[in-house]
Every structure is written in structure tokens, then in C-alpha cells.
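Mapping of the sequence shown onto the working numbering: residues 14 to 454, in sequence order. Note that beta-carbon positions come from the ideal geometry of N, C-alpha and C, so glycine has one too.
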Amino acid sequence: MSLKVVKFGGSSLADAEHFRQVAEIIKADPSRRYVVPSAPGKRFSEDTKVTDMLYSLYELVRSRAASEVIDAHFASIKARYNDIISELGLDFDLSGEYEYIKNAVLHNSGRDFAASRGEYLNGIILAKYLGFDFIDAENVIFFKENGSFDEEKTNDILSLELKEHKNAVIPGFYGTSPNGTVVTFSRGGSDITGSIVARAAEADLYENWTDVSGFMMADPRIIKNPSIIDTITYRELRELSYMGATVLHEDAIFPVRNAGIPINIKNTNKPEDRGTMIVSQASGYDTEHIITGIAGKKGFSVLTIEKDMMNSEVGFGRKVLESLEDFGVAFEHLPSGIDTMSVIVSTSQIDEHREKVLQSVTRRTKPDSVTLEDGLALVAVVGRGMVKARGTAARVFSAISGAGVNIRMIDQGSCELNIIVGVDEQDFEKALNAIYNEFVK
Ligand code: ASP
């Protein structure tokens with residue numbers, strides 16, 4: 014029988030009503046054997062996520078707030094869980110756990126410990142509600158001394174542990190360091206736990222349940238009602254998330270990708286929707302559109318260096334890049350001409366070093382001219398279908414120019430998975446709409 018690992022995000026477990034939906038989803042398919050929950054998220058837009066409440070609890074303790082203030086804050090965290098327990102009609106209480114957590118936070122258990130209790134308590138409740146075993150992530154997810162995730166140790170121990178349980182709940186977001194303290198992943202890290210569990214369980218599928226029906230082809234704040242991406246490869250996803258499209262934690266990709274396990278992004282509120290499949294090889298998955306998605310970002314600057322006979326000067330590019338490296342500035346793109354070289358960098362990175370970088374480039378390369386211009390936005394058109402479809406680049410450019418937008422830079426990755434176009438920041442939204450309308454509408 015196939016095996017699925019299912020992860021539910023905070024919005025999918027924000028209250029008792031959502032717990033019921035989640036249980037229904039899990040019970041509908043017996044192959045959904047291992048469940049990774051987040052902490053309760055927002056119930057309405059002005060609500061606070063339990064994880065954020067726990068971070069504030071830690072700050073209150075650290076800043077030595079009055080004990081009544083700490084008590085009141087802790088009471089509001091307990092209320093989130095107690096409401097879920099009582100509304101689900103469960104017959105148990107977490108007072109022992111609350112007592113222990115409060116004491117630990119009051120006695121320097123650390124910021125990560127405090128934050129991790131959101132998933133821990135939610136995991137206990139969910140396990141009780143489902144009748145599944147509870148596996149504390151503390152005993153199966155490990156970090157190294159330097160704070161990085163210990164993949165090998167985790168996989169060895171976790172895979173053995175999972176074999177002992179037909180069904181289990183493993184809370185997301187945290188694990189332990191070699192000295193026994195609780196450590197969390199970065200924010201949104203329950204996605205990573207889900208991926209790690211899927212790998213250790215040798216799952217056939219990692220379902221990541223959230224509050225949207227998959228990845229959208231473009232940012233809905235810019236494009237009205239964008240279509241959902243049906244299937245996307247890990248590489249395409251990487252290209253799109255680099256440009257700021259996020260639904261899934263970026264580090265959640267590696268464990269399952271290496272193991273060849275696909276991820277299915279699903280919507281807890283609309284379980285019948287197919288969602289987005291993330292796969293390593295897309296053969297067998299047809300694309301309806303030539304492009305898979307469009308993403309983009311504002312806030313880039315262009316450093317342009319001109320020098321006669323530049324192309325025959327050995328080491329020219331290195332000198333330019335060294336000038337950036339000296340000030341810790343990463344480069345994003347390097348569109349070059351015969352006697353000009355441009356380097357696209359993020360404005361926020363170069364901002365405080367602009368004069369020094371310009372001086373360093375001048376000293377090292379003795380150019381005819383060097384300039385630094387801000388206000389560039391990058392638009393990435395991503396799609397594995399572009400390799401086969403002739404004329405895609407031409408369609409992108411004519412759509413943009415048809416919208417009256419001037420193209421300031423073009424960069425096509427050599428794998429033909431993406432075309433990146435630089436436009437003035439004020440033309441960003443126009444350019445995205447023009448491309449979307451050309452390929453999708
Ligand atoms: N609860 C954690 C957060 O809010 C982790 C997660 O939800 O994935 O960041």
C-alpha cells in the first residue's frame with residue numbers, strides 16, 4: 014500500500030473547526046499514516062499566530078516584565094489550546110504540560126524552546142484526536158553543534174522509529190542539538206520537518222496542506238486571479254522562489270528531492286482541488302501553458318563598466334567581481350557586451366558601500382567610465398516548456414514592448430528554463446501583466 018506523509022500548516026490547525034477538517038482528510042485515506050502539524054495559526058486576519066505569542070512570551074520573560082503581565086500572556090496561549098480541546102470534546106487536559114513549559118521558559122530554556130512548544134502542544138492534541146501515536150520531534154530530529162541540521166543521524170534514528178508506529182503525529186519546526194537543548198528551524202520550518210519525515214518513511218508522496226490550492230502562476234497582488242500551476246519541477250520552483258514566490262519553505266525541498274518523492278501542495282479548505290504537484294522530472298506531466306510561472310522583484314541596481322578593448326583584457330571580470338566581494342555584495346546577473354560589462358546587484362546590499370565599490374572598480378580596472386544606477390526590477394519567466402517552444406523569447410519581448418515598457422536587460426539561463434528581463438521599477442506591474450496575458454489568458 015502506498016504511504017503518504019501529510020503536513021498541515023498553521024492556518025489548517027488554527028481552531029477546532031479546522032482540526033475536524035484535518036481529521037476528515039486524514040481518515041479519508043489510510044495511506045496518510047504520518048502527520049506533521051504546525052502550531053495554531055491565525056483564525057482571522059488580525060489574530061496572532063501561537064508561535065508569535067510564544068516569541069513574545071520569551072521576550073516578556075527576558076525583559077523581566079511583571080509577573081502578572083507574563084501570567085496574562087501565558088493564559089492567552091493556554092486558551093488557544095484549551096478552546097480546541099474543549100470544542101473537540103476531548104477528555105484530557107494539558108495543565109501538567111503548561112506548568113512545565115512556563116517554568117522552563119521562566120528559567121532560561123531559550124527562545125527556540127519557547128517557540129517550539131506551539132507545535133509540541135498542537136501535536137499532542139492532534140495525536141489524541143486522531144488516535145495516533147505521538148513521537149516527540151526532540152527524539153528524532155537532530156541538529157549539529159554548529160546549528161545545522163544533522164541529516165544522517167536524523168534519517169537513521171527517525172526511520173527506525175517510524176517503523177515502530179503504524180500511524181503517528183510528529184510535531185514540526187524543532188529538534189535537538191547534541192547538548193540536548195531544543196532548536197528550531199527558521200520560520201515556516203514545519204515544511205522542512207514534513208519533508209524529512211517523508212524521506213525517512215520512504216513515502217510515495219509528501220502532501221503539504223495549506224490554505225491555497227497550490228502555487229499560483231503569478232503574484233495575485235499584481236495579476237488578478239492567476240491560474241494555479243498544475244505541475245512544477247523542483248528546478249522551476251527554485252527559479253520562482255528565488256524571485257520571491259513563496260508557499261513552501263525553500264529548505265523543505267532538499268530531503269524529498271534527493272529521495273525522488275513528489276510534493277503535493279493541497280488546500281485544507283478545498284480538499285477536492287488537485288493542488289500543485291512538485292516533481293523532479295516532469296515527463297509524463299503535460300503543461301497546459303508554455304510557461305510555468307512568472308515572478309519578479311524590485312530593488313536592483315546596475316553597475317556598468319565601459320572600457321575600450323575590454324573583451325581582450327584577461328581577468329577584467331574577476332577584478333570587477335572582486336571589488337564587490339570585498340564589500341560582501343553578491344551579484345545576481347552579468348549581462349555583458351564587447352566593451353561593456355554590467356553587474357546586477359541588489360540595491361540594499363550595495364547601498365552603504367556605493368562610493369567604495371566605485372572607487373575600487375576604478376582603481377582595479379581603470380575603465381573609461383563606471384556608473385551605478387538604481388531602480389531596476391527583474392521579471393523571471395520560468396517554464397520547462399520553453400525549451401521546445403520556438404519563439405518564446407520573441408513573444409515575451411513583444412508583449413512587454415507592446416505594453417509600452419522599455420526592456421533594460423535580458424538574460425536567458427543556458428538551460429532555457431527561464432528568461433529574465435530587467436525593466437524600470439515603475440513598469441514592473443505592467444510588464445508582468447503583459448507577459449501573463451500573452452501566455453495564459
Ligand atoms: N510555527 C512556525 C512558524 O510560525 C513553523 C511553521 O509554522 O512552519 O514559523
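Residues near residue i by beta carbon distance below 8 Å, same chain, minus five either side
i      : result
Arg367 : Leu385
Asn446 : Ile235, Ile236, Ala416
Lys55  : Gly23, Ser24, Ala27, Thr61, Lys62
Gly160 : Ser190, Val196
Asp96  : Asp28, Ala29
Contacting residues, own chain, Cβ-Cβ under 6 Å from residue i (five flanking each side not counted)
i      : result
Met323 : Phe329, Asp352
Asn168 : Ala213
Phe21  : Val35, Pro50, Trp222
Glu263 : Ser254
Lys279 : Glu220, Trp222, Gly288
Pro348 : Ser355, Met422, Asp424
Val210 : Val18, Tyr47, Val49, Ile183
C-alpha gap between residue i and residue j, whole angstroms
i      : j      : result
Ser355 : Glu429 : 21 Å
Tyr111 : Lys91  : 7 Å
Ala29  : Asp224 : 16 Å
Leu173 : Tyr219 : 19 Å
Ser15  : Phe267 : 21 Å
Ser203 : Ser325 : 51 Å
Gly109 : Ala88  : 14 Å
Gly350 : Met229 : 35 Å
Leu134 : Ala127 : 11 Å
Asp217 : Val292 : 12 Å
Tyr71  : Glu59  : 21 Å
Glu481 : Thr378 : With the chain running from 14 to 454 in the structure shown, residue 481 is simply not present.
Val19  : Asn238 : 27 Å
Ser414 : Phe452 : 15 Å
Arg45  : Glu215 : 13 Å
Ser427 : Gly435 : 17 Å
Ala79  : Lys115 : 15 Å
Asp440 : Lys332 : 33 Å
Tyr113 : Leu107 : 10 Å
Arg130 : Ile274 : 29 Å
Sheet register partners of residue i (DSSP bridge)
i      : result
Lys279 : Trp222
Asn431 : Val395
Ile423 : Val434
Thr289 : Ile278
Gly309 : Val392
Asp146 : Ala181
Thr197 : Tyr187
Contact test: residue i Cβ vs ligand 1 heavy atom, cutoff 8 Å
i      : result
Val42  : Note that residue 42 is Asp in the sequence shown here, rather than Val. False, no ligand heavy atom lies under 8 Å from that Cβ.
Arg200 : yes
Ala128 : yes
Ser186 : Inspection of the sequence shows that residue 186 is occupied by Phe rather than by Ser. Within the cutoff, so yes.
Ala393 : no
Ala416 : no
Ala88  : no
Asp217 : no
Ser15  : no
Ala52  : yes
Ser58  : no
Asp104 : no
Gly136 : no
Ser203 : yes
Asp31  : The sequence shown places His at residue 31, not Asp. No - ligand 1 has no heavy atom lying nearer than 8 Å to the Cβ of His31.
Thr61  : no
His262 : yes
Asp28  : no
Glu72  : no
Gly350 : no
Thr64  : yes
Gly426 : no
Glu365 : no
Glu345 : no
Gly131 : yes
Close Cβ partners of residue i (< 7 Å) along its chain, the five nearest in sequence each way excluded
i      : result
Tyr142 : Phe32, Ala36, Leu101, Leu103
Glu252 : Ala393, Val395, Leu430, Asn431
Ser314 : Val358, Thr360, Ile363, Leu385, Glu386, Asp387, Leu389
Thr381 : Sequence check: residue 381 is Asp here, not Thr. Glu319, Lys320, Asp321.
Lys455 : The displayed coordinates of the chain run from 14 to 454. Any statement about residue 455 would go beyond what the structure contains.
Glu442 : Ile235
Val74  : Ile83, Val118, Leu119
Arg248 : Leu430
Asp163 : Phe155, Phe156, Lys157
Ala150 : Ile183, Pro184, Tyr187, Gly188, Thr206
Residue-chain proximity (residue i, chain B), Cβ-Cβ < 9 Å
i      : result
Met354 : Within the model displayed, chain B is absent; a lone protein chain is all it includes.
Ranges of the alpha helix (DSSP H) found wholly within the stretch 158 to 195, counting only runs of at least 4
164 to 176
Fully enclosed by the stretch 92 to 134, which alpha helix (DSSP H) runs are 4 residues long or longer?
108 to 119
Can you give, in chain order, each stretch of the alpha helix (DSSP H) that sits fully within the stretch 340 to 408 and has at least 4 residues?
360 to 363, 367 to 378
Which ranges does the alpha helix (DSSP H) cover as unbroken runs of at least 4 residues, wholly within the stretch 20 to 65, from first to last along the chain?
29 to 40
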